[in-house]
Each structure stands twice: as C-alpha cells, then as structure tokens.
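Peer 1:
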Amino acid sequence: METRSKRRRKKSKGRRNFFLIFAFILLAGAIYFVNQYTSGVSLANGDTTSNVHTELNSNSSGNGDLNTKFEPFEGADPQFGEINVLLIGNDARADEEDARSDALMIGHYDQHTNKVKLVSLMRDTYVEVPEYGMQKINAAFFLGGPELVRKTIKQNFDIDVQYYAIVDFEGFMKIVDVIAPDGIHVDIPYPMSHGIGMTLEPGEQHLNGEQLLAYVRFRHDIHSDFGRVERQQEALSKLKEQAISVHTLLNLPKLLGVVDSYLDTNIDSKILFAIGKGMVTGGKSKEMETLRIPVEGSYTDKRVNVGAVLDINLEENKEILKDFLASNKNDEE
Numbered sequence: 185m186e187t188r189s190k191r192r193r194k195k196s197k198g199r200r201n202f203f204l205i206f207a208f209i210l211l212a213g214a215i216y217f218v219n220q221y222t223s224g225v226s227l228a229n230g231d232t233t234s235n236v237h238t239e240l241n242s243n244s245s246g247n248g249d250l251n252t253k254f255e256p257f258e259g260a261d262p263q264f265g266e267i268n269v270l271l272i273g274n275d276a277r278a279d280e281e282d283a284r285s286d287a288l289m290i291g292h293y294d295q296h297t298n299k300v301k302l303v304s305l306m307r308d309t310y311v312e313v314p315e316y317g318m319q320k321i322n323a324a325f326f327l328g329g330p331e332l333v334r335k336t337i338k339q340n341f342d343i344d345v346q347y348y349a350i351v352d353f354e355g356f357m358k359i360v361d362v363i364a365p366d367g368i369h370v371d372i373p374y375p376m377s378h379g380i381g382m383t384l385e386p387g388e389q390h391l392n393g394e395q396l397l398a399y400v401r402f403r404h405d406i407h408s409d410f411g412r413v414e415r416q417q418e419a420l421s422k423l424k425e426q427a428i429s430v431h432t433l434l435n436l437p438k439l440l441g442v443v444d445s446y447l448d449t450n451i452d453s454k455i456l457f458a459i460g461k462g463m464v465t466g467g468k469s470k471e472m473e474t475l476r477i478p479v480e481g482s483y484t485d486k487r488v489n490v491g492a493v494l495d496i497n498l499e500e501n502k503e504i505l506k507d508f509l510a511s512n513k514n515d516e517e
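What the sequence shown shows, in this note's numbering, is residues 185 to 517, in sequence order.
(1) Compute the Euclidean distance between the alpha carbons of E281 and V493, then round it to the nearest angstrom.
(2) If distances are taken between C-alpha atoms only, which option among G381, P386 and K299 comes closest to R401?
(3) So is G329 buried or exposed if we call it buried at 16+ other beta carbons inside 10 Å?
(4) May I ask you to report which of helix, strand or coil DSSP gives G291?
(5) By how many angstroms is the C-alpha of L305 removed from the C-alpha of L397?
(6) Could you work out which residue in G317, A349, D405 and V311 is closest to I337 when comparing CA atoms only?
(7) Using DSSP with H/G/I as helix, E/B as strand and the rest coil, what is A510?
(8) Evaluate R403 with the Cβ neighbour count: other Cβ atoms within 10 Å of its Cβ, from every protein chain shown; 16 or more gives buried, anything less gives exposed.
(9) Short check: CB of V351 to CB of L447, under 8 angstroms?
(10) At 3 residues or longer, and completely inside the stretch 378-411: list those beta strand (DSSP E) runs for me, N to C.
(11) Among all the DSSP beta bridges, which residues are the ones paired with H296?
(12) Excluding sequence positions up to five away, which residues of its chain have a Cβ less than 6 angstroms from the Cβ of M376?
(13) Between the beta-carbon of H390 and the beta-carbon of D409, is there less than 8 angstroms?
(14) Can you tell me whether DSSP reads A260 as helix, strand or coil?
(15) Taking Cβ positions, are G393 and M357 nearer each other than 8 angstroms?
(16) Between the C-alpha atoms of I321 and I363, what's the straight-line distance to the nearest angstrom?
(17) Which whole-angstrom value describes the C-beta separation of G355 and S445, a residue pair presumed to lie in contact below a C-beta threshold of 8 angstroms?
(18) DSSP puts H475 in a beta bridge; with which residues?
(19) To the nearest angstrom, how far is it from the Cα of Q345 to the Cα of A260?
(20) Within this structure, are the beta carbons of K506 and D342 separated by less than 8 angstroms?
(21) Can you name the residues that DSSP bridges to A349?
(22) Taking just the CA atoms, how far does M289 sit from E418?
(23) What is the C-beta distance between L270 and M472, in whole angstroms, given that I count them as a contact (C-beta under 8 angstroms)?
(24) Roughly how many angstroms lie between the CA atoms of N298 and N489, to the nearest whole one?
(25) From this set, V300, G273 and E255, which residue's C-alpha is nearest E425's C-alpha?
(26) Across which residues does DSSP place R487 in a beta bridge pair?
(27) If E500 and S482 are in contact, beta carbons under 8 angstroms, what's the gap, nearest whole angstrom?
(28) Who pairs with M318 in a beta bridge, going by DSSP?
(29) For the beta strand (DSSP E) that contains I428, what are its first and last residues?
(30) In the DSSP output, what is V370 paired with across the bridge?
Here it is as structure tokens:
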C-alpha cells in the first residue's frame, strides 16, 4: 500500500514531467517559428530586382515605412466591426507610367460576419484628385502616396479607409508561392504572351507565383482593362481560400518573413491576428464578394488632356459602392 509521501513524490514528479514537456514544446515552437521566419526573409532578400521598401521607404515617417515626401496616412479611427483597407499594387518597373498604382482596391472585412469583400477601382476612372484637379484615379498614388489616394476616394465616393497595404509585384510572386506551393488553379481562355515575358497557354492549369503575376498583369485582353481587373479579383479570391488552409497556418512564420520584406502597411499585428483568426474560424465557407467601379453601364469612354479615361456617373457608383460595403450583421451564410 502506497504511503502518503510516495503519492506526493509521484504527483511532484508528474508535474515536473508536464512542465518539461510543455517547455520543450514551447522551445521547439520558437525554433520552428524563427527558422521559418528566417527562411521567408531569405526568400525575399534573394530577389534584388525589386523591393517595395527600397522604392518607397528610404526614410521612416512614423507611418508605416512611407517615404517622408508623402503626407502621413490619416485614415478613419479603427473601430471593432468593419475594416476597410486600401490595397495598392505598385509596379516599380513601370517607368512609362510614372510608377502609378497598377492595381487599386478596397478590401473590406466585417468582424461580425467574417465576410470579406473586394472592390476594384479601375485605374482610368476620371475623378477629382484633391489639389490636382481632374485626373485618372491611379495618378493619385504617384502624386501623393496612399494618403492622397485615401483622400481621393473619400472625396469622390464618401468612403474612408483605416489602413493601407502596398505590395511590390515582384514580392507578390513569392507570397503566392508560400501560400499556394502547388499553384493557383485557373482556366486561361486564350494564349497570353504580349508584355508578360512568357506565354500562358489556354486551358485549366495551376500557376505558380511568377505565372500568376503574368496572368493578372496581362494588358492585351479582348475585354481591355476590364478583363485584367476580373483576373485580379479571381486571383485574390483563390489566394484568400488558400490563405486560410492548414498548410498556410503551418507556414505562417515563413509567410510573415516574406510579407515583412515586401508589404508596406500600417496594419498592426493585433489587427492582422484578429482578421486571420476570424477568417480561419468563421470565414472558411464564405466566398469573397467582389465589385468593380465603375459598374457596367455607368461610364463612357472619353479622351481628355490626361489621355483616355472612364467618365463615370459618380452618384450612381457612389451609391452602389456604399450599398455593397454596407454591413448586414444578421447575414448567416
């Protein structure tokens, strides 16, 4: 029969074993995180041709890493519930376009429903840019960085954003390869080759990061720039599905290492964690809704002093955009 002292010694030994195992798991997890994060940073640093931090961020202004030539970003105060993020695809190689934003979107996340929505703003949309008059909307980034883009959207569409995220298109390739190592499934309708440095043959296939970048950047679409915007939305929708997979969760440290080198943003880690947690736990079954501005039938092609533009019915598009982003807390898809 066991004595009381023997039982106490067994319990004490059991507790020590538990804490040793727990400490080992923490240590192993920390080593895994550091190794994966370092791997991601190394993957990003291996590309010396392009880096959003090099192009935009030679001097920190206390506002993300934006160069001080731009105004500080003064988006709406963050509130729990709905988050709007200004998404800017910046192609540093596009010298012929004076480094205007190559892709301009608003990402919307509802923390009540875990729904994600994506709005693409056509780059030739003709709007008033504060202090610069009527311009193509993609000129706002070149003229004043993300803060001027925010002001332009606020003035024309009465929609404000809390955060911005700028991604270098070269970094986009590496981010895709970490999120979807087996590629992103697409159905290419016809051969694509002009201006993308490769030929994408028609048919269903899985595209790696470099190929997907070419797919979303191809500009000689039979539907002009509208087809390109549609492909951008398709790619981001499928990346979102991959991003909340078990594989991506296991590779999250590596992904953070890559993203840290290529993404310029003012979104802090707490917000990123909240969005990621919500999407993983409650957003898996929810497809990402998309909208294009201007909407069909609400614009005319026009040539003005800044070139070919989309002259839009501003009031119609403003109302449709606000309705699209409106919260529906009772929505339980």
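We put the CB at the ideal spot given by N, CA and C, even for glycine.
Peer 2: Per the coordinate set shown:
(1) Confidence at E281 is low in this model, with a pLDDT of 46, below 50, so the placement of that residue should be treated as unreliable; the coordinate-derived value is given next. So the two alpha carbons sit approximately 15 angstroms from each other.
(2) G381
(3) buried
(4) strand
(5) 19 angstroms
(6) V311
(7) coil
(8) exposed
(9) yes
(10) 387-391
(11) Beta-bridge pairing links H296 to no other residue.
(12) L384 and F402
(13) no
(14) coil
(15) yes
(16) 30 angstroms
(17) 7 angstroms
(18) It should be pointed out that residue 475 corresponds to Leu in this sequence rather than to His. In the DSSP output, where bridge partners are listed per residue, L475 has V303.
(19) Inspection of the sequence shows that residue 345 is occupied by Val rather than by Gln. Each residue's Cα considered, the two are about 6 angstroms apart.
(20) yes
(21) L271 and T449
(22) 13 angstroms
(23) Rounded, the Cβ-Cβ distance is 17 angstroms, inconsistent with contact.
(24) 43 angstroms
(25) V300
(26) A492
(27) 5 angstroms
(28) E312
(29) Taken as a continuous stretch (DSSP letters only), I428 belongs to no beta strand (DSSP E), as it is neither H nor E.
(30) Q389
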